[in-house]
Each structure stands twice: as C-alpha cells, then as structure tokens.
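If you count the sequence shown from 1, you need to add 445 to reach my numbering.
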Amino acid sequence: MNEQTRICLENADLALRPPELITPVPREYYPEIDDYTMSSGIARTPGGRFYLSWFGRDDGPDTVMLLARSDDEGKSWSEPEYLIDPGFTPDGHHLSALVGTVWCDPAGRLWWFFSVSVGYYDGRAGVWAAVCGNPDDEHPAWGKPFRLWHGCALNKPTVLSTGEWALPVSLWRREQIWVDRRFPWNDVDPSLYAELDPLRGANLLVSTDNGRNWELRGRQRSVDPCFDENICLERRDGTLVMYARDQHGIVSSHSADGGWSWTPFRREWRTASARFFTTRLPSGNWLMVRHDTAGERSHLTAFLSSDEGKSWRGGLLLDERDGISYPDGFVHPDGRIFIQYDRLRAHGEILLAVFTEADVEAGYDVSGKVERKRPLIQSATQRNRK
446 MNEQTRICLE NADLALRPPE LITPVPREYY PEIDDYTMSS GIARTPGGRF YLSWFGRDDG
506 PDTVMLLARS DDEGKSWSEP EYLIDPGFTP DGHHLSALVG TVWCDPAGRL WWFFSVSVGY
566 YDGRAGVWAA VCGNPDDEHP AWGKPFRLWH GCALNKPTVL STGEWALPVS LWRREQIWVD
626 RRFPWNDVDP SLYAELDPLR GANLLVSTDN GRNWELRGRQ RSVDPCFDEN ICLERRDGTL
686 VMYARDQHGI VSSHSADGGW SWTPFRREWR TASARFFTTR LPSGNWLMVR HDTAGERSHL
746 TAFLSSDEGK SWRGGLLLDE RDGISYPDGF VHPDGRIFIQ YDRLRAHGEI LLAVFTEADV
806 EAGYDVSGKV ERKRPLIQSA TQRNRK
C-alpha cells in the first residue's frame with residue numbers, strides 16, 4: 446500500500462464525521478483576508494432574504510465553504526456568518542469542502558449542500574446537507590449536517606411532477622484522486638474504493654419524502670468526463686434531461702423511467718469546459734446560462750428554449766470578460782432572474798447579473814431591469830483595484 450492510499454484509508458472515518466457549521470467565522474476566512482472567492486450558489490427565501498455561498502482558500506485540498514446573507518436583494522451583504530471547514534487529519538492533511546450549493550425547498554427551508562473528502566479527492570468524498578427551517582429569522586437555526594451518499598453535488602435539486610426531489614450527484618473518476626501537493630495525481634493502489642468504480646459518473650439521487658431519505662437511481666458516464674457538474678430537468682411528458690460538463694463543453698442524456706436508466710451522452714454545445722446553469726422558468730420555457738465560446742471562460746450568456754431543450758434561441762450577454770465562471774441562480778417571484786458567478790477567483794470577486802425572460806428573448810435590455818457585473822463578494826485585491 447503506497448503512502449497516498451494509506452492516508453485515504455486511515456482517515457476514511459474522519460470524512461464520515463458530521464462537520465460543524467462554525468459561527469462566528471474567524472476573520473482569517475473573510476474574503477478581504479483570504480483573497481480567494483470561488484462561486485458556489487445563491488438562493489432566495491420565501492421572505493425575500495438572499496443567501497450566498499462561496500468557496501475560500503483555494504480550488505483544491507484546502508477548500509472551505511462560507512455563507513452570507515442579504516436583506517436588500519443583494520445590494521449589501523453580511524460578513525460571512527457560517528463556515529464549513531472539516532479540519533485536518535492527525536498527520537496534517539486537510540479535509541476539503543470542495544463542492545456544494547444552496548437551495549430553498551418548496552416548504553421554504555434552506556439547504557446547504559457540501560462535500561467532504563480527505564484532501565482534494567480521496568476517491569469517495571461524500572454529499573452532505575445542513576437544513577435551516579427558519580432562514581428568514583434573525584437567528585436562523587440549523588440542523589446537524591447529514592450525509593446523503595458518496596460523491597459531490599454542485600447544483601440544485603429539481604422538484605419533479607411526482608413530488609420527488611432529484612439531486613444530480615457526481616462520483617468522480619479515479620484519475621482525479623489526489624490528497625494534496627505532496628503527492629502526484631492518481632498515485633493510489635487500484636484497490637482503493639474499487640467497489641465504487643461501477644458507480645462513477647453522473648448519478649441521480651432521489652428523495653420521495655421531502656429530503657429525509659435519498660436513494661441512488663441510475664447514472665451515465667461521459668466519454669470525456671470532466672467533473673460532470675450535472676443538472677436535471679423534467680419535460681412535460683415526464684422525461685428527465687440531464688446535462689453535464691465534459692472536457693469539450695456540455696452533453697445531455699435522457700431518462701424515460703424516472704432516472705433509473707439513461708441514454709448515452711450526446712454533444713449539446715462545444716464550449717468552454719465549465720459549470721453552467723439551467724432551470725425551468727414559470728412560463729414553461731427553459732433557461733440556460735453558459736459560456737458562448739469554445740475556448741476561454743468568457744462571454745457568459747443566457748439562452749431560452751420553448752421546446753424543453755430541443756432548440757435554443759435568444760442570447761443575452763451577461764459578461765464578456767475572460768476568467769468568469771460557475772453561474773448559479775434563481776427566479777424571483779416578480780419575474781427577474783438572478784445569476785451569480787465568479788471572476789478570477791484568486792484575488793477575484795463574485796458578481797451578479799439580473800434580467801428577465803423578455804431580455805433573453807430579445808438579446809438586449811427591453812425590460813429596463815437588466816443589471817450586469819454587480820459585485821457581491823470581493824477579495825482584498827479586487828476591492829483595491831481602480
């Protein structure tokens with residue numbers, strides 16, 4: 446057994462221990478001190494409060510997650526109110542909280558999804574959730590975090606017509622196993638979590654009881670996988686459509702049996718390999734926010750589909766600059782669409798775009814409500830830039 450394998454196995458139980466939601470957050474984690482801001486997610490509560498989560502420290506073995514709130518629709522934000530830092534192994538290797546998002550369920554509860562792994566990725570990781578039943582109160586109360594399954598979930602669940610909740614989860618391939626900078630990538634024994642190898646890929650977890658329990662359904666694997674970062678939508682006929690990231694852009698797969706079996710992935714867009722955001726709008730149209738370029742992470746653009754993903758139109762440019770990525774968002778009750786994303790990450794910032802469906806259809810601001818590049822969270826370096 447080599448050293449990296451030993452570290453993963455000897456500390457495996459630590460990654461199964463519920464991490465603490467740390468509050469107050471030590472100042473060393475504040476973005477103006479940490480100087481690293483990577484997009485995670487944004488959600489709106491029934492009372493109108495916004496919650497924003499992001500990743501600090503790095504996009505690697507040292508990653509932690511932070512959470513802040515806004516009571517004026519994102520114009521101003523609290524200091525970080527909660528921190529997820531799973532800590533260290535006895536021999537000094539960090540347990541990362543590398544992947545996750547926030548989501549408000551139909552009952553108005555706030556879910557904070559996050560992953561825990563020994564180092565960057567130990568071959569198993571794990572999807573965790575903490576649930577807050579009173580997110581609009583002055584002092585929100587959080588339940589104890591619980592583990593749903595292996596892997597990680599970067600994107601929000603979808604509530605299906607059956608009432609089930611469908612959470613896309615990725616169990617990364619073995620090539621991405623890496624504890625930290627002391628070791629090479631994927632330098633582990635083939636026996637490490639070999640029992641999980643048949644389950645690697647873009648999976649779907651489903652809850653039939655409003656999130657109390659989750660069951661694993663089917664999965665699909667991309668020919669050229671790259672973190673998957675999958676999202677699932679439902680067509681009116683009950684067909685599920687799963688979009689995923691691969692090394693060349695975005696691919697899609699379909700399920701006609703509630704997620705138990707999936708068609709092979711096929712190419713949707715050859716674009717920058719990065720996270721994207723999609724959702725069904727109140728009108729029934731689908732929204733897709735992705736890079737409209739084949740190379741660099743630039744030209745973040747919103748598109749519409751009126752035939753449930755079979756064709757797309759419009760194209761509202763949200764940000765043309767290089768170094769932008771990882772959109773997530775929600776639809777406001779008044780019809781505005783809020784999308785947050787990051788720029789530069791190291792010494793960077795998290796930004797907000799606001800627009801309406803009509804703006805996407807036209808490709809420009811017809812509503813008079815479009816906002817672009819509004820800063821939400823900024824590192825010290827970004828705050829000091831002129």
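Glycine residues also receive a C-beta, built at the ideal position from the N, C-alpha and C atoms. This one's a predicted model, so the numbers in the text were calculated from it and none came from an experiment.
Close-in-space but distant-in-sequence residues of the same chain around residue i (CB under 6 Å, 5 per side omitted)
i: Val-815; result: Phe-800, Asp-804
i: Arg-666; result: Gly-646
i: Gly-754; result: Val-686, Trp-731
i: Trp-522; result: Ala-513, Ser-515
i: Arg-833; result: An answer regarding residue 833 cannot be provided, because it is not within the stretch 446 to 831 covered by the chain.
i: Tyr-527; result: Leu-466, Thr-468, Leu-512
i: Gln-449; result: Val-624, Phe-628, Asp-632, Val-633
i: Asp-581; result: Thr-490, Gly-492, Arg-494
DSSP three-state assignment for residue i, whether helix, strand or coil
i: Ile-529; result: strand
i: Arg-472; result: helix
i: Pro-670; result: strand
i: Glu-679; result: strand
i: Ala-639; result: helix
i: Arg-836; result: Since the first residue of the chain shown is 446 and the last is 831, residue 836 is not available in this structure.
i: Ala-586; result: coil
i: Asp-567; result: coil
i: Asp-386; result: Residue 386 is absent from the structure shown; the chain starts at 446 and stops at 831.
i: Asp-458; result: helix
i: Leu-612; result: strand
i: Asp-479; result: helix
i: Leu-644; result: helix
i: Trp-522; result: coil
i: Asp-536; result: coil
i: Gly-656; result: coil
i: Asp-752; result: coil
i: Gly-596; result: strand
i: Val-734; result: strand
i: Val-604; result: strand
i: Val-651; result: strand
i: Gly-505; result: coil
Spatial distance of residue i from residue j (CA atoms)
i: Val-624; j: Asp-567; result: 6 Å
i: Trp-731; j: Pro-772; result: 16 Å
i: Tyr-474; j: Ser-706; result: 42 Å
i: Val-470; j: Asp-632; result: 35 Å
i: Glu-679; j: Ser-541; result: 32 Å
i: Phe-672; j: Arg-690; result: 7 Å
i: Tyr-809; j: Leu-762; result: 8 Å
i: Asp-480; j: Gly-683; result: 45 Å
i: Ala-825; j: Ser-498; result: 18 Å
i: Leu-649; j: Ser-700; result: 11 Å
i: Cys-549; j: His-792; result: 30 Å
i: Leu-821; j: Thr-723; result: 21 Å
i: Ile-784; j: Leu-745; result: 10 Å
i: Leu-454; j: Val-561; result: 14 Å
i: Arg-462; j: Gly-740; result: 40 Å
i: Leu-641; j: Pro-635; result: 11 Å
i: Leu-543; j: Glu-794; result: 18 Å
i: Arg-712; j: Val-614; result: 20 Å
i: Arg-451; j: Gln-621; result: 17 Å
i: Gln-692; j: Phe-710; result: 13 Å
First and last residue of the uninterrupted beta strand (DSSP E) at residue i
i: Ile-832; result: For the chain, the structure presents residues 446 to 831; residue 832 sits outside this window and is missing.
i: Ile-467; result: Note, Ile-467: premise wrong, no beta strand (DSSP E); not H, not E.
i: Cys-554; result: Correcting the residue identity first, residue 554 is Arg in this sequence and not Cys. Counting along the chain, Arg-554 falls outside any beta strand (DSSP E), and DSSP gives it neither H nor E.
i: Thr-826; result: Careful: Thr-826 lies outside any beta strand (DSSP E), inside the alpha helix (DSSP H) at 825–828.
i: Gly-729; result: From DSSP, Gly-729 is part of no beta strand (DSSP E); its letter is neither H nor E.
i: Trp-573; result: 572–577
i: Glu-660; result: 660–665
i: Thr-546; result: 545–549
i: Ala-542; result: Element bounds for Ala-542: n/a, residue is neither H nor E.
i: Ser-498; result: 495–501
i: Ser-515; result: 509–515
i: Ala-739; result: Unbroken run through Ala-739: none, as it is neither H nor E.
i: Gly-760; result: 758–764
Beta-carbon contacts of residue i that lie in its chain and below 7 Å, excluding the five residues immediately before and after
i: Ser-743; result: His-736, Glu-765, Arg-766, Asp-767, Ile-769
i: Arg-426; result: Summary: the structure shown does not reach residue 426, with the chain confined to residues 446 through 831, and so no result is reported for it.
i: Ser-652; result: Glu-609, Trp-610, Asn-658, Trp-659
i: Leu-789; result: Gly-768
i: Arg-472; result: Ile-478
i: Pro-585; result: Cys-577, Asn-579
i: Lys-589; result: Pro-463
Boundaries of the alpha helix (DSSP H) in which residue i is found, first to last residue
i: Ile-452; result: 448–455
Nonlocal neighbours in the same chain, by C-beta distance under 8 Å from residue i, ignoring five residues either side
i: Trp-714; result: Gly-694, Ile-695, Arg-735
i: Glu-802; result: Leu-726, Ser-728, Asn-730, Leu-732, Leu-749, Gly-780, Ile-782
Check: Hey, which unbroken runs of the beta strand (DSSP E) at 3 residues or more fall wholly within the stretch 779–821?
Finding: List check, beta strand (DSSP E) in window: 782–788, 794–800.
**OP:** Counting only runs of 3+ residues fully inside the stretch 682–727, write out the beta strand (DSSP E) ranges in chain order.
**Re:** Whole beta strand (DSSP E) segments, 3+ residues: 685–691, 694–700, 711–715, 722–725.
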